[in-house]
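Chains as they are written, first to last, in the numbering used here: chain D, 1 to 191; chain L, 1001 to 1257.
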């Protein structure tokens, strides 16, 4: 038993010494940072149904103006015109050391995928929302609740959607989804 | 010759954009003139040259072939099959990680994966395989199989502030549709693995494939994950397969918008 152990010890010693001589262990010689936790923290909840809050005032001109602004802009840094009343361009966040940092507020950039009245450089991944009121609301093909749900979480009626999720991810709040809804269903003059 | 072909292909794409899309695309005549001029002299060539000089210090092709355990004349073909499982590194790795391991083995300081120097070296080493058909074999062993599966999962995972995945914008069913002013590319057809590192004109710099993935993550508000992570290498495996399936050839350095 005792000699057995001794042999083993000698053998291990020999092995480790020889591997150090011949080839260094290279399994840690290069960088492979961990990303799995970053991805995990970046996930968001499953598809969720929402009811448009009673507080949504679809005729409020200020809400429509905010919705328009969110629709056509990517973020507060890129947006050129001044933000409408009730909307900010930058938000202040505190980092770990308590330092206050100014961060550009994210907007919808809906125009990246949807054409609509006055759109510049609109994409075509989503359907055109031009003439939405006349085509979809007045004809009762859609209602504001449908639009609200679609913007808040489009996965509810299309699990494989290419559209962004806007409320369940926490990027926007209910009021901002109301603003967008108000804008989409509003009567827009062709610009 | 190769360069002329590449340039021709690029020019015709530009011309197509101009013809089909008219004003929809955000490119001014001044930009177009600049691109045309760049084609005659891909700015990436300087970086590739720099990469070659750095690589020489590691002992050139001979040393790389020896490190990877392949015959020198097999090296180009072997390079066109990365990322691979490299037994002595214990993981599926990119060529940039192989270069780091060579540096460490030779007692040299390791170049950061996200540095311009590494992008240059990577471009040089990948350019040794130019004209080879991309040949990644995602069934070669259990490790690469797992990496491919992780790559697919990473590609499909919706996350971030807008709840998007790579697949939201790069699935087969929306290729060619327009996001803002950009047509969505087919990542296999444009042969990402065979054309990056590329000189990115909108960024005025040479960028590696994984650096390009980070660009999309940042734009689409997906948390940007680090170069060299298992998930990044896996994404490269997944996207390399798309081009290998189409028998695309290596043409490094690329020149991109």
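Think of the CB as a built atom: it goes at the ideal place given N, C-alpha and C, for glycine as much as any other residue.
- Three or more beta-carbon pairs drawn from the region 1159–1170 of chain L and the region 158–169 of chain D are found closer than 8 Å, and the two stretches are therefore classed as touching.
- Per the DSSP secondary-structure output, residue 1185 (chain L) pairs with nothing in a beta bridge.
- Close CB contacts of residue 1202 (chain L) within its chain, under the 7 Å cut and outside five residues either way in sequence, are with 1257 (chain order).
- Taking 8 Å as the threshold, the shortest C-beta distance from residue 1163 (chain L) to chain D falls below it.
- The beta carbon of residue 1129 (chain L) sits closer than 6 Å to the beta carbons of 1076, 1079, 1080 and 1250 from its chain, once the five residues preceding and following it are set aside; these are given in chain order.
- For residue 1181 (chain L), the chain D residues whose Cβ falls inside 7 Å of its Cβ are 121, in order along the chain.
- With the rule of 3 Cβ pairs closer than 8 Å, the region 119–138 of chain D does not count as touching the region 74–94 of chain D.
- Within the DSSP secondary-structure output, residue 103 (chain D) pairs in a beta bridge with D:91.
- Taking a 10 Å sphere around the C-beta of residue 100 (chain D), we find fewer than 16 other C-beta atoms and assign the residue as exposed.
- Using a Cβ-Cβ cut-off of 8 Å, residue 1159 (chain L) is close to 39, 42, 43 and 44 of chain D, given in chain order.
- Comparing C-alpha distances from residue 1092 (chain L) to each of L:1171, L:1148, L:1198 and L:1165 shows the shortest one belongs to L:1148.
- In terms of Cβ geometry, residue 1233 (chain L) and residue 1136 (chain L) do not form a close pair [threshold 8 Å].
- Contact with chain D is found for residue 1097 (chain L), since one of that chain's Cβ atoms lies less than 8 Å from the residue's Cβ.
- Taking 8 Å as the threshold, the shortest C-beta distance from residue 173 (chain D) to chain L does not fall below it.
- Fewer than three Cβ pairs drawn from the region 1111–1124 of chain L and the region 1182–1192 of chain L lie within less than 8 Å of each other, which leaves the two stretches out of contact.
- Counting the other CB atoms within 10 Å of its CB gives residue 1109 (chain L) a total below 16, which places it among the exposed residues.
- In the structure shown, the three-state DSSP call for residue 142 (chain D) is coil.
- By the neighbour-count criterion, in which 16 or more other beta carbons inside 10 Å mark a residue as buried, residue 1069 (chain L) falls on the exposed side.
- At least one beta carbon of chain L lies nearer than 8 Å to the beta carbon of residue 165 (chain D).
- Each of L:1133, L:1141 and L:1047 was checked against the Cα of residue 1087 (chain L), and the nearest Cα belongs to L:1141.
- With 16 or more neighbouring CB atoms inside 10 Å of its own CB, residue 73 (chain D) falls in the buried class.
- For residue 1051 (chain L), the enclosing alpha helix (DSSP H) begins and ends at 1044–1056.
- Minimum Cα-Cα distance from residue 1138 (chain L) among the listed residues L:1090, L:1042, L:1127 and L:1152 corresponds to L:1152.
- DSSP, reduced to helix, strand and coil, places residue 1134 (chain L) outside both helices and strands of the structure shown, so it counts as coil.
- Per the coordinates, the alpha-carbon of residue 1207 (chain L) lies some 22 Å from the alpha-carbon of residue 1057 (chain L).
- The C-alpha of residue 1099 (chain L) is placed about 15 Å away from the C-alpha of residue 1090 (chain L).
- The CB of residue 1189 (chain L) never comes closer than 8 Å to any CB in chain D; the least such distance is about 18 Å.
- For the region 38–84 of chain D, the continuous alpha helix (DSSP H) assignments of 4+ residues that do not extend past its boundaries occur at 61–72, in sequence order.
- Put simply, the region 135–153 of chain D does not touch the region 1212–1225 of chain L. Fewer than three CB pairs are less than 8 Å apart.
- Distance from the CA atom of residue 1168 (chain L) to the CA atom of residue 1059 (chain L), rounded to whole angstroms, is 43 Å.
- By the neighbour-count criterion, in which 16 or more other beta carbons inside 10 Å mark a residue as buried, residue 170 (chain D) falls on the exposed side.
- In the structure shown, the three-state DSSP call for residue 1113 (chain L) is coil.
- Closest by C-alpha distance to residue 45 (chain D), out of D:34, D:62, D:180 and D:152, is D:152.
- The DSSP-derived three-state label of residue 122 (chain D) is coil.
- Chain L has no Cβ within less than 8 Å of the Cβ of residue 149 (chain D).
- Between residue 72 (chain D) and chain L, the shortest Cβ-Cβ separation is not below 8 Å.
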